[in-house]
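Chains as they are written, first to last, in the working numbering: chain A, 13 to 80; chain B, 211 to 469. Data first, discussion second: the structure below is written as structure tokens.
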């Protein structure tokens, strides 16, 4: 099945969790915020939250920036 | 005066440094880290953006800035609406470890001046959700007072447009803000060089936040160090109390004993 991750289409396994997706992408869960269909997820739910066809996932973290 | 014990406290949190720095515009994270260390700042502001999922070779900023050593102050840079600013603040809290946010709601791309109506609205929403909102605002004493009245534990008025390096454009307004509100004032944005930072502190600012003045200098590490001393010099001068300005000379040497 396909989902959108940071605006890009991506094929994932049926019922894959958010934690598994992050692992697959080589992203440390403690460094990011995950928004699933505009809902910001609690970090402790990454392990249990399964993804569905068409889900829109946004993965964000801190980058260099002062103000702009 | 002992600079070590002259600590800034905001919402019960103690800050070692009165110089706060941004982390943008450096050539790489190594330079970022070196400049921050040279500045002595313990508060570093960061932006929240999408993770690059196609190129994972890129380092993470937090690999260089240990959140245990620095106070990470996420900002809502780039947000032009209340909705966006609130969304980014929530994401920052989810990505980080604290409720601190430097709230920016920008008015337009040319000036990057704050949209103060939007700022107050966004601040209200976030304060209700338990955020510690440090608002980037205009040098407007009335807006500063409103922000404090709704629960902001500090205000961050600009010295000049972000990245402009123009220095303090309206010292009189800043002084009025300092007299009007009883919370810490962090002068944010527009500083060009060390004397601008010293001046802000001499006026009575509690801290200064800057990014471009350091990152954009020809030698960022040297400028970071200059800013560290400028902020302390300004703070010490403020605490010491300057002499009044007079039009005519007053001799420093006694007349008595002259031939």
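Here a beta-carbon is modelled for each residue, glycine too, at the ideal position from N, C-alpha and C.
At which residues does the alpha helix (DSSP H) containing residue i begin and terminate?
i, result
"residue 23 of chain A", "No alpha helix (DSSP H) contains residue 23 of chain A, which is instead part of the beta strand (DSSP E) from 20–23."
"residue 239 of chain B", "239–249"
"residue 345 of chain B", "Premise fails: residue 345 of chain B lies in the beta strand (DSSP E), 342–347, not in any alpha helix (DSSP H)."
"residue 287 of chain B", "Segment: none, residue 287 of chain B is in no alpha helix (DSSP H) and carries neither H nor E."
"residue 274 of chain B", "271–274"
"residue 34 of chain A", "30–36"
"residue 422 of chain B", "422–425"
What first and last residue would you give for the beta strand (DSSP E) that runs through residue i?
i, result
"residue 293 of chain B", "Where residue 293 of chain B is concerned, there is no enclosing beta strand (DSSP E), although the alpha helix (DSSP H) it sits in stretches over 292–305."
"residue 284 of chain B", "281–284"
"residue 336 of chain B", "Taken as a continuous stretch (DSSP letters only), residue 336 of chain B belongs to no beta strand (DSSP E), being part of the alpha helix (DSSP H) at 326–338."
"residue 470 of chain B", "Not covered by the structure: residue 470 of chain B. The range shown for chain B is 211 to 469."
"residue 364 of chain B", "Careful: residue 364 of chain B lies outside any beta strand (DSSP E) and carries neither H nor E."
"residue 378 of chain B", "Unbroken run through residue 378 of chain B: none, as it is neither H nor E."
"residue 229 of chain B", "229–232"
"residue 60 of chain A", "Taken as a continuous stretch (DSSP letters only), residue 60 of chain A belongs to no beta strand (DSSP E), as it is neither H nor E."
"residue 257 of chain B", "253–260"
Let me know the secondary structure DSSP gives residue i once reduced to three states.
i, result
"residue 399 of chain B", "coil"
"residue 47 of chain A", "strand"
"residue 417 of chain B", "strand"
"residue 80 of chain A", "Its pLDDT being 49, under 50, residue 80 of chain A is placed unreliably in this model, and the value from its coordinates should be taken loosely. Coil, per DSSP."
"residue 438 of chain B", "helix"
"residue 313 of chain B", "strand"
"residue 369 of chain B", "coil"
"residue 15 of chain A", "strand"
"residue 460 of chain B", "coil"
"residue 68 of chain A", "strand"
"residue 219 of chain B", "strand"
"residue 308 of chain B", "coil"
"residue 75 of chain A", "strand"
"residue 52 of chain A", "strand"
"residue 448 of chain B", "helix"
"residue 433 of chain B", "helix"
In chain order, what residues of the same chain have a beta carbon less than 8 Å from the beta carbon of residue i, not counting five sequence neighbours either side?
i, result
"residue 386 of chain B", "351"
"residue 14 of chain A", "21, 22, 23, 24, 65 and 66"
"residue 358 of chain B", "365, 391, 392 and 393"
"residue 80 of chain A", "Residue placement at residue 80 of chain A is poorly supported in this model, since its pLDDT is 49, which falls under 50; the coordinates still yield a value, given next. No residues qualify anywhere along the chain."
"residue 56 of chain A", "none"
For residue i, which residues in the same chain have their Cβ closer than 6 Å to its Cβ, ignoring the five residues on either side in sequence?
i, result
"residue 28 of chain A", "63"
"residue 255 of chain B", "232, 283, 285 and 312"
"residue 389 of chain B", "none"
"residue 34 of chain A", "41"
"residue 420 of chain B", "401"
"residue 444 of chain B", "408, 411 and 412"
"residue 227 of chain B", "250, 251 and 252"
"residue 353 of chain B", "326 and 347"
"residue 248 of chain B", "431, 434 and 435"
"residue 58 of chain A", "30, 31 and 41"
"residue 73 of chain A", "43 and 44"
So residue i and residue j are in contact, right, with Cβ under 8 Å, and what is the actual spacing, rounded?
i, j, result
"residue 19 of chain A", "residue 257 of chain B", "Incorrect: roughly 18 Å between the Cβ atoms, too far for contact."
"residue 61 of chain A", "residue 53 of chain A", "6 Å"
"residue 438 of chain B", "residue 229 of chain B", "6 Å"
"residue 409 of chain B", "residue 378 of chain B", "6 Å"
"residue 440 of chain B", "residue 424 of chain B", "Actually they do not touch by this definition, with Cβ atoms about 11 Å apart."
"residue 75 of chain A", "residue 271 of chain B", "6 Å"
"residue 46 of chain A", "residue 30 of chain A", "6 Å"
"residue 287 of chain B", "residue 319 of chain B", "Contact doesn't hold; Cβ gap of about 12 Å is too wide."
"residue 345 of chain B", "residue 307 of chain B", "Actually they are not in contact, since the Cβ atoms of residue 345 of chain B and residue 307 of chain B sit about 21 Å apart, beyond 8 Å."
"residue 303 of chain B", "residue 309 of chain B", "6 Å"
Cutting at 7 Å between CB atoms, please list the residues of its own chain near residue i, excluding the five before and the five after it.
i, result
"residue 355 of chain B", "390 and 391"
"residue 406 of chain B", "369, 377 and 378"
"residue 218 of chain B", "225, 228, 394, 416 and 417"
"residue 235 of chain B", "421, 422, 425 and 426"
"residue 343 of chain B", "311, 313, 333, 336, 337 and 362"
"residue 322 of chain B", "316, 371 and 372"
Would you be able to state if there are at least three C-beta pairs under 8 Å between the segment 328–339 of chain B and the segment 367–385 of chain B?
-> With a cut-off of 8 Å, the segment 328–339 of chain B and the segment 367–385 of chain B do not count as touching, because too few Cβ pairs lie within range.
Just checking, does the segment 292–304 of chain B make contact with the segment 238–246 of chain B on the three C-beta pairs under 8 Å criterion?
-> No, because fewer than three Cβ pairs between the segment 292–304 of chain B and the segment 238–246 of chain B fall closer than 8 Å, the two stretches do not touch.
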